[in-house]
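Take a look at the structure below.
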Amino acid sequence: SDPYIINSQPFFFVFQEALQRIITTLANKNEELHNFIETLSHLLAGVQVNSGQVVSDLEEEFDTLFSILEEAKESMTNTIKQEQARKSHELQNQLTQSTNALESAEELLEFANHALDIKDEEEFAKAAKQIKDRVTMAPAFRLTMKPKATDNMTHLMVDFSQERQLLQGLRFLPVPRAPEIEVQDCMVVDNAVTIVWRMPVEDSKIDHYILEYRKTNHEGLPRVKDERCWELVDNVKNTEYMLTGLKFDSKFMNFRVRACNKAAAGDYSDPVTLETRAFNFGFDSSSSHLNLKVEECSVEWDPQGGKGLDSKVKGKENKGRSGTPSPKRGSNTRSPAPRGGRDRFTGESYTVLGDTSIDSRQHYWEVKALKDCKSYSVGVAYKNLGKFDQLGKTNTTWCIHVNNWLQNSFAAKHNNKAKSLDMPVPERIGVYCDLDGGQLSFYNAESKQLLHVFKTKFTQPVVPAFMVWCGGLSLSTGLQVPSAVRSFQKAENGLAGSNSSLNSMAQ
Numbered sequence: 001s002d003p004y005i006i007n008s009q010p011f012f013f014v015f016q017e018a019l020q021r022i023i024t025t026l027a028n029k030n031e032e033l034h035n036f037i038e039t040l041s042h043l044l045a046g047v048q049v050n051s052g053q054v055v056s057d058l059e060e061e062f063d064t065l066f067s068i069l070e071e072a073k074e075s076m077t078n079t080i081k082q083e084q085a086r087k088s089h090e091l092q093n094q095l096t097q098s099t100n101a102l103e104s105a106e107e108l109l110e111f112a113n114h115a116l117d118i119k120d121e122e123e124f125a126k127a128a129k130q131i132k133d134r135v136t137m138a139p140a141f142r143l144t145m146k147p148k149a150t151d152n153m154t155h156l157m158v159d160f161s162q163e164r165q166l167l168q169g170l171r172f173l174p175v176p177r178a179p180e181i182e183v184q185d186c187m188v189v190d191n192a193v194t195i196v197w198r199m200p201v202e203d204s205k206i207d208h209y210i211l212e213y214r215k216t217n218h219e220g221l222p223r224v225k226d227e228r229c230w231e232l233v234d235n236v237k238n239t240e241y242m243l244t245g246l247k248f249d250s251k252f253m254n255f256r257v258r259a260c261n262k263a264a265a266g267d268y269s270d271p272v273t274l275e276t277r278a279f280n281f282g283f284d285s286s287s288s289h290l291n292l293k294v295e296e297c298s299v300e301w302d303p304q305g306g307k308g309l310d311s312k313v314k315g316k317e318n319k320g321r322s323g324t325p326s327p328k329r330g331s332n333t334r335s336p337a338p339r340g341g342r343d344r345f346t347g348e349s350y351t352v353l354g355d356t357s358i359d360s361r362q363h364y365w366e367v368k369a370l371k372d373c374k375s376y377s378v379g380v381a382y383k384n385l386g387k388f389d390q391l392g393k394t395n396t397t398w399c400i401h402v403n404n405w406l407q408n409s410f411a412a413k414h415n416n417k418a419k420s421l422d423m424p425v426p427e428r429i430g431v432y433c434d435l436d437g438g439q440l441s442f443y444n445a446e447s448k449q450l451l452h453v454f455k456t457k458f459t460q461p462v463v464p465a466f467m468v469w470c471g472g473l474s475l476s477t478g479l480q481v482p483s484a485v486r487s488f489q490k491a492e493n494g495l496a497g498s499n500s501s502l503n504s505m506a507q
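For the sequence shown, full-length UniProt numbering begins at 1 and goes up steadily by one.
Okay, here's the thing in structure tokens:
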């Protein structure tokens, strides 16, 4: 009769839910703290490494400056030494010539003094003539009495006053500030990402930017440690950059930017995470016909594929149309375990399914026929497709079929009815599936021209489905729904009623 005892059961559940919320909050906070500690540790290690690198760079710059000065000093010293050697050589030659001339003149003077003592007129005249002839030829009278060089050095003085002022005014070139990514201006469309950023303060000394990105499956702030490495785009000159031709095989992408001047790179911007969801799948090799050779993104006809099997097993597979359904796959997830051989397509159903099912949202993928492919189909099917069933011949399959053998044909097929498509077969076919909106459309992947549209109410998840005979197909996944396809949806809905007589066949 105690009301507290009666009501203890509800209170228990209330407290249990509250405790569960607290545990969830603590777990999230615990993960945030782990990430924050990793960030701090990473930054601390970065400070040690970067400070050492900056000192090393500074020493290298000054060593370069010293080496330039040393080279200038050595060059100028060599110039002075060369001038010294030249002047010394010229003056030494003059000194030697003058010394020789002086000796000759002293000898002649002594001879002349002796001649003055000669009393015999005839001998005196002879001596006087000799003295006259020798004076005429004396080197002392033929020397130029002017030094060929002065003792002043031509390159004696050097003016480093301007350079000294520059060196005295030497300061650190400021490291650029971190850019700011403008998330509202960033775009993710058509498997391309446009990143836009700005500098918090105008800096005319910015030379270029470095953009880094990486794929991730973690939402929110980027983690210091992730399963994928940062990829780099260097020498970006503008504050906007478009990454094109991406395969969106992850749910998100992280981005960060840093500015660089002639001397250094600045800090990274605060990283941002953008959603890059797309439909990724491969061929389910365990479902494929034995005559199909399946790789991750391609399937080829192999006429020798089933000849190695035991004939009894093959006989059992081809006996009757049991229509054994394939085991269910997880919704929008890769099949965890291969299907057994009994679930392979057989007979003339040269079919292979995708390994990922579609149960909601809009998805897009593209298919390209390999050269000389004689017959193929591209479409979707419910997962319970029988192993003898052929695409387009049941009410659970929708496809377009291309036949290049004997008589060319291009048609949309469903429930064993076909509508001929009066247009050229494109090189690549785009498939758009909107399960929630009940629409399956096929496009020329290059021009985005609408080929055909099925309107139906899908009652089950579907899987991509393919048929190949004598040839092969290559598959492109990880693609977003193209913007052109999205913009054409209203037009497609209108065209579907007038162009597709198969709409009444759709289930």
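Note that beta-carbon positions come from the ideal geometry of N, C-alpha and C, so glycine has one too.
In the three-state reduction of the DSSP assignment, Q304 falls in the coil class. With a cut-off of 8 angstroms on Cβ pairs, the stretch 240–248 is not in contact with the stretch 462–474, counting fewer than three such pairs. For D267, no alpha helix (DSSP H) run applies; the uninterrupted beta strand (DSSP E) run containing it begins and ends at 265–268, by DSSP. Out of I358, H34, L91, the CA that lies nearest to the CA of R223 is found in H34. For L450, the pairing in a beta bridge is given by DSSP as Y443. A residue is called buried once 16 or more other Cβ atoms fall within 10 Å of its Cβ, and D120, having fewer, is exposed.
At the C-beta level, Y209 and N254 stay beyond 9 angstroms of one another.
With 16 or more other CB atoms across the displayed protein chains lying within 10 angstroms of its CB, L450 is buried.
For M242, the pairing in a beta bridge is given by DSSP as T194. Under the criterion of beta carbons closer than 8 angstroms, T397 and G379 qualify as touching, at roughly 6 angstroms.
As the crow flies, the alpha-carbon of A125 is around 45 angstroms from that of T150.
Contact between E427 and K368 is confirmed by a C-beta separation of about 6 angstroms, below the 8 angstroms threshold. By DSSP's assignment, S298 forms a beta bridge with S474. Contact annotation: P139 and A101 have beta-carbon atoms nearer than 9 angstroms. Residues C260, N261, K262 of the same chain have their beta carbon placed closer than 8 angstroms to that of D207, with the five preceding and five following residues left out of the count. For N403, the pairing in a beta bridge is given by DSSP as S375, S409. Per DSSP, S288 lies in no beta strand (DSSP E) and is assigned neither H nor E. With contacts defined as CB atoms closer than 9 angstroms, L292 and V352 qualify as a contacting pair. Following the DSSP letters along the chain, one finds M253 inside the beta strand (DSSP E) bounded by residues 252–260.
Only buried fits I400, as 16 or more other CB atoms lie within 10 angstroms of its CB.
The shortest CA-to-CA distance from D359 to any of Q304, K413, F458, D343 is the one to F458. Shown here, M137 sits in a helix according to DSSP, grouped into three states.
Residue environment analysis places H452 among the buried positions, since at least 16 neighbouring C-beta atoms fall within 10 angstroms of its C-beta.
Relative to the Cα of T99, the nearest Cα in the group T456, K225, S420, L143 belongs to L143. DSSP, read as helix, strand or coil, puts D434 in strand. At a Cβ-Cβ threshold of 9 angstroms, D249 and K225 do not count as neighbours. The beta carbon of I118 is closer than 7 angstroms to those of F124, A127 in its chain, skipping five residues each way along the sequence.
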